[in-house]
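Per the working numbering, the sequence shown starts with residue 2, numbered consecutively.
We put the CB at the ideal spot given by N, CA and C, even for glycine.
Bear in mind that the values here come from a model prediction, so they are computed numbers and not experimental data.
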Amino acid sequence: MVATELNLPEPTPPDVSSQAAASDRAQGDGVHTLIVLALADSPQAKERFPDFRLARLVTARLDMDDEEATLFFDLTKTIASEPLSDGPAPFDDHLRDVIGRFDLTSLFCDHGPGRHHHAVRPTGYDYDADEVDAWGMERWRADYRAMATDRQMVAASIIWLYRGGKDNRWLWRVPCTWHAVDALGEMRRSGLPPDWCRLISRSPGW
2 MVATELNLPE
12 PTPPDVSSQA
22 AASDRAQGDG
32 VHTLIVLALA
42 DSPQAKERFP
52 DFRLARLVTA
62 RLDMDDEEAT
72 LFFDLTKTIA
82 SEPLSDGPAP
92 FDDHLRDVIG
102 RFDLTSLFCD
112 HGPGRHHHAV
122 RPTGYDYDAD
132 EVDAWGMERW
142 RADYRAMATD
152 RQMVAASIIW
162 LYRGGKDNRW
172 LWRVPCTWHA
182 VDALGEMRRS
192 GLPPDWCRLI
202 SRSPGW
């Protein structure tokens, strides 16, 4: 019997981009990959994640459990010194310390109801009337604009954590659209990663 040649289709090569995307989704929406690349090769990180803003990096924490959130410590090459699930008190203590040391007291007050960090909220808003205080908000944005970039990044990060996502109430027409890789680079130059990483990773949400 003469063998018949079969015209089989060529095997489909693996979709590398799809595999990478799946890997990113499995690692905190690409956060881990972005942080690793930002530390090793920032141009490659920006090429891989061209639209990854600092706001997205911060708010990614809201969809992580405490174990996943430890990946932020990759920025400091350290391991969390205490459990992230140790209640709201450690975050509250660090939040208040950061607000004080970075002179953000004109942007945040301690007049809210509730315990711990729930009492901390942004100024510039009439919470009793549930409406923007026009003069107060103008002052808030003026103070924010006058700050150095690294302090703006810390303040914006607190706002995103407080709001549970992006914000256009306080962060309206002010600098806040930094690419995550550029922001991480700026904070590293300013020596901010330890404070910023603790702030983000320990956040239990408002």
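- Per DSSP, reduced to three states, the secondary structure at F103 is coil, with no helix or strand assignment.
- A39 and P89 have their C-alpha atoms roughly 30 Å apart.
- In this structure, the beta-carbon distance from L172 to I201 does not fall below 9 Å.
- The C-alpha of A184 lies about 30 Å from the C-alpha of H112.
- Listed in chain order, the non-local C-beta contacts of T106 below 7 Å within the same chain comprise I100, local neighbours out to five positions each way being set aside.
- Excluding sequence positions up to five before and after A56, its CB lies within less than 6 Å of the CB of W161 and K167, all in the same chain and listed in chain order.
- The alpha carbon of S204 has as its nearest neighbour, out of E69, S43 and E48, the alpha carbon of E69.
- Shown here, P123 sits in a strand according to DSSP, grouped into three states.
- In this structure, V155 sits near W197, with a CB-CB distance shorter than 9 Å.
- When rounded, the separation of the alpha-carbon atoms in P114 and A120 is 5 Å.
- For M138, the enclosing alpha helix (DSSP H) covers residues A135 to R146.
- For R54, DSSP records a beta bridge to H180.
- D98 is the residue among R142, P51 and D98 whose C-alpha sits nearest the C-alpha of P195.
- Per the C-alpha coordinates, the member of T60, G186 and R152 positioned closest to R164 is T60.
- Counting along the chain, M154 sits inside the alpha helix (DSSP H) bounded by residues T150 to R164.
- As far as DSSP is concerned, C198 takes part in no beta bridge.
- Burial is judged here by how many other beta carbons sit within 10 angstroms of a residue's own beta carbon; A46 has at least 16 and is buried.
- Sixteen is the threshold: when 16 or more other Cβ atoms of the shown chains lie within 10 Å of the Cβ of P123, as they do, the residue is buried.
- Going by DSSP, H33 is part of the alpha helix (DSSP H) stretching over V32 to A41.
- L35 and D66 have their C-alpha atoms spaced approximately 18 Å apart.
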